[in-house]
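First up is the structure itself, then whatever we jot down about it.
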Amino acid sequence: MLLWVFQSLLAVAFLVVGGMKIVRNRAELAQVFGWVEQFSDPSVKIIGLLDSLVGLGLILPSATDIAPILVPWAALGGVALAVGGSVVHLRRSETSLAALNLLYIALLITVAWGRFGPYQF
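The number in the working numbering is simply the position in the sequence shown, starting from 1, with 23 added.
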């Protein structure tokens, strides 16, 4: 049950942030995410697409019972994105945002461990 809570919260977070990166232009995003000024438009859109895929991958495979093995793989993809985000935030001296990414990483690793291991679907 706890894994479902983690998956759901993470999915919402990744879908909201990913959707913002896909839909909004860089000028609008720069007001929320200062780091976008250091990246090209296509890079920001790709990161948003990857965020959205992680969000969908954390819920849809298990909810539809179609390839639920994709859930822990989506969690590992989210870990990769969060690690990359942490590096960017640390380079920009945004330690509080890097710490938030560490929370995401811990929750994503918990989901991956649980869904690969003792709490498979």
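We put the beta carbon where it would ideally sit given N, CA and C, even for glycine.
Everything numeric in this text was worked out from a predicted model, so none of it was measured.
Are residue i and residue j close, meaning C-beta to C-beta below 7 angstroms?
| i | j | result |
| --- | --- | --- |
| Leu-26 | Tyr-142 | yes |
| Val-106 | Trp-58 | no |
| Leu-131 | Val-94 | no |
| Glu-60 | Ala-50 | no |
So residue i and residue j are supposed to be a Cβ contact under 8 angstroms. How far apart are they, rounded?
| i | j | result |
| --- | --- | --- |
| Asp-74 | Val-46 | So it is not a contact: roughly 12 angstroms between Cβ atoms. |
| Ser-109 | Ala-121 | 5 angstroms |
Grab me the residues of residue i's own chain with a C-beta within less than 8 angstroms of its C-beta, minus the 5 sequence neighbours each way, in chain order.
| i | result |
| --- | --- |
| Lys-68 | Lys-44 and Ile-45 |
| Thr-118 | His-112 |
Got a sec? Which residues, its chain only, sit under 6 angstroms from residue i by beta carbon, not counting five neighbours each side?
| i | result |
| --- | --- |
| Gly-100 | Val-77 |
| Phe-139 | Pro-95 |
| Ala-146 | A query on residue 146 cannot be resolved here, the shown segment of the chain reaching from 24 to 144 and no further. |
Figure out for me which residue from the options has the closest Cα to the Cα of residue i.
| i | options | result |
| --- | --- | --- |
| Ile-82 | Leu-120, Ala-53, Ala-34 and Ser-119 | Ala-34 |
| Ala-135 | Asp-64, Arg-115 and Trp-96 | Trp-96 |
| Pro-65 | Met-24, Leu-79, Gln-54 and Asn-48 | Asn-48 |
| Leu-104 | Asp-88, Leu-125, Arg-138 and Ser-116 | Leu-125 |
| Gly-80 | Ser-116, Leu-38 and Arg-115 | Leu-38 |
| Leu-123 | Thr-87, Met-24 and Ala-36 | Ala-36 |
| Gly-42 | Leu-72, Gly-137 and Phe-62 | Leu-72 |
| Arg-115 | Leu-32, Met-24 and Phe-56 | Phe-56 |
Which same chain residues, not among the five before or five after residue i, have their C-beta less than 7 angstroms away from its C-beta?
| i | result |
| --- | --- |
| Val-85 | Here residue 85 is Ser; the residue named in the question, Val, does not match the sequence. Hits under 7 angstroms: Pro-91, Val-94 and Phe-144. |
| Ile-70 | Lys-44 |
| Thr-133 | Phe-29 |
| Gly-137 | Leu-26 |
Taking only runs that begin and end inside the segment 25 to 59, name each unbroken alpha helix (DSSP H) of 4 or more residues, in chain order. 25 to 46 and 49 to 55
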